[in-house]
Amino acid sequence: MPQGKPSMVPDDGLTTRQRRNRPLVFVHTGVGKGKSTAAFGLALRAWNQGWPIGVFQFVKSAKWKVGEERALRVLGDSGEGGTVAWHKMGEGWSWVQRDLASSEEAAREGWEQVKRDLAAETYQLYVLDEFAYPMHWGWVDVDEVVATLRDRPGTQHVVITGRNAPQPLVDFADLVTDMSKVKHPMDTGQKGQRGIEW
């Protein structure tokens, strides 16, 4: 893709401007670090464009204070860029034993809220953080997710993060990045640290 030019131009009847501005679905998956980090980087770009942003965290605990939330809330309240709404539906980390029935219910309720917001065109960018997990675990039907995203109105962009993104979602998405792990400090016994993991 030299000089930002596409390698092909589809015969889809769209003008260059229409094709450039069509809404996208992003999936950040894989076992490597950086899936949510990349999604929040995209949110910073959206904020700079003045877009309203909705962040929906599906697995991370509502009690956990993350740096991205604080930074985006401050930016959203600054009046200089887009607004930011932050929703936490998770009961806690996926590898920590929790009340699974409660977590499943929270995930389903979160997805219902996302569907309502998509129908109302509430945001221009949706960050569905760790949403691949509820689909992978069968808590939320992936075919329903794909159908809802395919039929969403307007120019709403959606980024979904999490390991094990289901194949139908991967096949549907416009941009899929599989983050692989080459090395990680945890491989040598180092726990997560402030400013890096949160």
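Here the sequence shown stands for residues 217 to 414, numbered as in this note's numbering.
Backbone N, C-alpha and C define an ideal beta-carbon position, used for all residues, glycine too.
Here the structure is a predicted model, which means the values were calculated and not measured.
Hey, out of the options, whose CA is closest to residue i's CA?
| i | options | result |
| --- | --- | --- |
| residue 289 | 361, 250, 260, 403 | 260 |
| residue 354 | 388, 237, 327, 238 | 327 |
| residue 238 | 319, 401, 366 | 366 |
| residue 411 | 320, 286, 263 | 286 |
| residue 402 | 235, 227, 244, 248 | 248 |
| residue 251 | 383, 405, 343, 338 | 343 |
| residue 295 | 321, 317, 264 | 264 |
| residue 364 | 384, 334, 321, 345 | 334 |
Within a Cβ cutoff of 6 Å, which residues of the same chain sit near residue i, ignoring the five residues on either side of it in sequence?
| i | result |
| --- | --- |
| residue 284 | 256 |
| residue 301 | 270 |
| residue 373 | 239, 240, 341 |
| residue 303 | 272 |
Under the rule that 16 or more other beta-carbon atoms within 10 Å means buried, what is residue i, buried or exposed?
| i | result |
| --- | --- |
| residue 330 | buried |
| residue 400 | exposed |
| residue 375 | buried |
How far does the beta strand (DSSP E) with residue i in it reach, from first residue to last?
| i | result |
| --- | --- |
| residue 342 | 341 to 345 |
| residue 404 | Per DSSP, residue 404 belongs to no beta strand (DSSP E) and is neither H nor E. |
| residue 391 | 391 to 394 |
Below 7 Å CB to CB, which residues in the same chain sit around residue i once its five sequence neighbours on both sides are set aside?
| i | result |
| --- | --- |
| residue 323 | 274, 305, 350, 355, 356 |
| residue 371 | 237, 239, 340 |
Which residues in the same chain as residue i place their Cβ atom closer than 8 Å to its Cβ, once the five residues preceding and following it in sequence are excluded?
| i | result |
| --- | --- |
| residue 416 | What is shown of the chain runs 217 to 414, which leaves residue 416 out entirely. |
What is the residue span of the alpha helix (DSSP H) that residue i lies within?
| i | result |
| --- | --- |
| residue 386 | 383 to 388 |
| residue 362 | 358 to 366 |
Between the segment 358 to 374 and the segment 218 to 235, do three or more beta carbon pairs fall short of 8 Å? no
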